[in-house]
Every structure is written in C-alpha cells, then in structure tokens.
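For the numbering used here, count along the sequence shown from 1 and bump the result up by 195.
Structure first, then comments.
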Amino acid sequence: MNFKMSFTALVLLTTFNATAYEKYAVFQDNIDINTVSSNVERLTKVRKNVAGNISVAGDYRYDQNGRVILRDYADSRFDYVYNSDGLLITASALMKHGVINSYVRHTEINFISEYIYNDQGMVIRENKKVFNKFSSNLVGVPISTYRIKYIYDEHGILIKRTQILRSGEGFGNLEFHYTYHDDGKLRKIKEIKKIRPREISTLLFQYHNNGEIKKATQTIFGKGTKTIEMEYIDDGSLIYGVYYADPVKEWKVDMDFFGLSFYPIKTLTQTVEDQVTYYKYSYQNNDGDLLPDGLTLELALPTGVVYDLNYTMENE
196 MNFKMSFTAL VLLTTFNATA YEKYAVFQDN IDINTVSSNV ERLTKVRKNV
246 AGNISVAGDY RYDQNGRVIL RDYADSRFDY VYNSDGLLIT ASALMKHGVI
296 NSYVRHTEIN FISEYIYNDQ GMVIRENKKV FNKFSSNLVG VPISTYRIKY
346 IYDEHGILIK RTQILRSGEG FGNLEFHYTY HDDGKLRKIK EIKKIRPREI
396 STLLFQYHNN GEIKKATQTI FGKGTKTIEM EYIDDGSLIY GVYYADPVKE
446 WKVDMDFFGL SFYPIKTLTQ TVEDQVTYYK YSYQNNDGDL LPDGLTLELA
496 LPTGVVYDLN YTMENE
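Have a look at this one:
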C-alpha cells in the first residue's frame with residue numbers, strides 16, 4: 196500500500212488565487228471544486244516515527260498560488276511547472292540512490308512529461324521522456340520517448356488515451372479506455388497493452404455521495420483481482436492535505452487512492468482472494484484548523500499481526 200505524503204510552505208491569504216483551482220489537476224475528480232479552492236492551508240512536512248526512530252517521510256513546497264511545485268521523499272522527488280493560466284506544463288520524477296529509508300517507492304521510472312492543452316484548457320497531448328533508472332539527473336538522451344494523445348467525446352469527456360512509443364525501448368504501445376456512470380463519475384478504466392497476446396487490465400469504481408471512492412475492484416493482468424473498500428471522515432472537521440500534493444491525479448488501473456482523497460480515509464479494507472488487510476486511521480488536530488497534525492495507523496495483516504505506525508504533520 197502506497198502511503199504517500201508530503202508538502203511545504205506558503206499561502207498568504209492576501210495572495211491566494213482560487214482561480215488556480217478551477218482546473219486543479221490534469222485528471223479531474225468528483226470533489227466539489229468550491230470546497231477545494233476554499234482551503235488555503237497546506238501540509239508541508241510529514242515525519243514518521245518507528246520505534247522511536249523519527250525520519251522525514253515527505254517534504255512539500257508550493258508557489259504563491261498554493262500549487263505544489265516540489266514533492267520530496269526519501270526515495271524520490273517530483274517537480275512541477277505551471278503556465279500563466281495555472282495549468283501544469285511539466286511534471287518530472289527522479290529516483291534517489293544509496294541507502295533509502297523508505298518501504299514506499301513513489302515512482303519506478305525517471306521521467307519528464309510535457310502537457311499541451313486546447314483552448315478550453317483540456318490536455319490533448321503529453322510528450323514523455325524516460326531516463327535510465329540509475330540516472331542522477333534528467334538531462335541528456337532518454338532511453339525512450341512517448342507521445343500520449345487524449346481523446347474526448349462531443350461533451351468534452353475523456354474517453355480514451357493512446358500511448359505510442361516514439362523512440363528507444365520501453366513499455367510499448369498502450370490504450371486506456373474510460374467509461375462513466377450516469378451521474379458522470381468515472382466507472383471503469385480499461386488498460387490494453389498492444390502486444391500479442393493482448394494484455395487487458397481493468398479498474399471498476401463505486402462512490403459515496405460525497406464523491407469519494409467507496410469501492411474499487413482491480414483486475415491486473417497476470418496478478419488476479421483485488422478489491423479496496425474505503426470509509427472517510429466526512430463531518431466537516433478535517434480534510435486530507437495530501438490531496439493538494441498531486442497536480443496530475445492520473446486515472447490508472449494500479450492506483451494510489453491516498454492522493455485522490457479529499458476527506459481523510461477512516462478505514463481501508465484490501466481483499467486479495469481470501470486474504471484481508473485492514474487499515475484504520477486515527478487523526479489528531481491540535482490547532483483547530485482543517486488539516487491533521489498527527490496520524491496513527493493501525494495495520495492488521497492477514498497473518499493476524501497488528502502494527503501501530505505514527506506520523507506527525509506540519510502545516511502552513
């Protein structure tokens with residue numbers, strides 16, 4: 196389970212620009228944008244406490260409009276650049292080397308993605324460069340390049356993406372197909388690898404009334420089926436600061452649900468065949484704002500072993 200956290204400094208009320216969130220991410224979610232843009236507080240740092248050993252799990256930086264520009268983890272860092280309209284134009288990820296004090300790997304590739312938009316602010320193309328996994332920077336000749344096209348229906352709804360390998364060797368050509376529930380929420384993602392034999396993976400969604408994901412059923416080619424069920428704290432007392440750390444929020448079959456959640460996750464139940472892993476989250480809020488200052492995770496494994504993990508968060 197990817198426990199993804201990070202953030203860093205900013206947001207003066209006098210300089211915060213709510214219009215920056217009218218198109219908050221490349222992939223849109225089902226959370227009320229007015230609720231998203233009304234929050235000016237940001238998570239800046241997460242510290243992990245394991246048996247008294249404290250380490251920084253995540254560090255985040257933002258621009259003057261509250262948009263994340265850096266996510267820095269023990270294993271990798273992500274950088275983001277925006278244009279004058281507040282749209283993301285480049286996103287990059289670079290893995291770190293040496294002794295890594297983290298069980299989580301936030302990326303498996305080093306890459307730079309450039310996004311091109313139409314006049315309506317919808318991304319229509321992504322140019323992606325992938326670099327050697329041992330690279331210490333993102334300069335020089337990439338090992339592979341891709342062109343990714345975003346295809347919409349007549350109502351401006353994303354229905355398909357195509358990923359074409361342009362140079363080098365890599366993941367090959369992929370297609371992503373999207374279908375929706377009657378109320379417009381994303382229902383299904385189908386990922387197709389254009390090889391012989393053809394590999395197909397899917398992800399199905401069900402939702403709570405507040406727009407958060409209630410249940411996701413993942414069927415990944417060659418790995419079987421996994422279901423994830425989630426409950427949230429939705430009483431107006433807290434929001435989940437990690438939400439603001441990812442300006443892409445990519446819809447994909449193997450999805451990290453933490454970065455998509457606006458409300459704090461209360462419980463998460465993961466079932467693979469008859470093996471159940473249970474996550475229970477308890478939050479502490481010491482200063483009365485909407486962002487948690489501490490988090491305790493009770494993790495119950497299928498073997499019956501239970502772990503308690505503690506995190507502290509710094510907010511601005």
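The beta-carbon is built from N, C-alpha and C at its ideal position, and this holds for glycine as well.
Since the structure is predicted, the reported quantities are computational estimates derived from the model, not experimental observations.
Legend entry - Member of D484, N510, M508, Y473 whose CA lies at the smallest distance from the CA of V501: Y473
Legend entry - Simplified DSSP state of G367, which is helix, strand or coil: coil
Inset, instruction - Inspect the beta-carbon positions of N296 and A269 and report whether they are closer than 7 Å. - result: yes
Legend entry - From Y345, T412, N248, residue whose alpha carbon lies closest to that of A464: One point to set straight first is that residue 464 is Thr, not Ala, in the sequence displayed. Ranking the options by Cα distance to T464, first place goes to T412.
Legend entry - 8 Å Cβ shell around I338 - same chain, five flanking residues per side excluded: V325, F326, N327, G363, E364, G365
Inset, instruction - Going by CA-CA distance only, name the one from G335, Y347, T302, H301 that's closest to M317. - result: Y347
Inset, instruction - Return the residue from the list V467, N505, P442, D503 that minimises the CA-CA distance to P497. - result: V467
Legend entry - Alpha-carbon spacing of Q479 relative to N505, whole angstroms: 11 Å
Legend entry - Beta-carbon proximity list for D267, same chain, < 6 Å, skipping 5 on both sides: D254
Inset, instruction - Give me the Cα-Cα distance between L399 and L333, rounded to the nearest whole angstrom. - result: 35 Å
Inset, instruction - Along the beta strand (DSSP E) that carries T462, what are the first and last residues, could you check? - result: 460–467
Inset, instruction - Just confirm the distance between the C-beta atoms of V448 and T374, as a whole number of angstroms; I'd bet it's less than 8 Å. - result: Contact flag wrong, Cβ pair sits at about 14 Å.
Legend entry - Straight-line gap, M450 to T462 (C-alpha atoms, nearest Å): 17 Å
Legend entry - Y257 versus R272 - alpha carbon distance: 14 Å
Legend entry - Residues near A495 by beta carbon distance below 6 Å, same chain, minus five either side: Y473, V501
Inset, instruction - Using 10 angstroms around the beta-carbon of A286, count the other beta-carbons present and answer buried if the total reaches 16, otherwise exposed. - result: buried
Inset, instruction - Go to N296, then tell me how far its alpha helix (DSSP H) extends in each direction, as first and last residue. - result: Looking at the DSSP string, N296 is not in any alpha helix (DSSP H), and its letter there is neither H nor E.
Legend entry - As assigned by DSSP and simplified to three states, the class of F329: coil
Inset, instruction - Take Y216 and list the residues in its own chain whose beta-carbon comes closer than 7 Å to its own, dropping the five residues that flank it on each side. - result: Any reading at Y216 is ruled out, since the residue's pLDDT is 45, under 50, leaving its predicted position unreliable.
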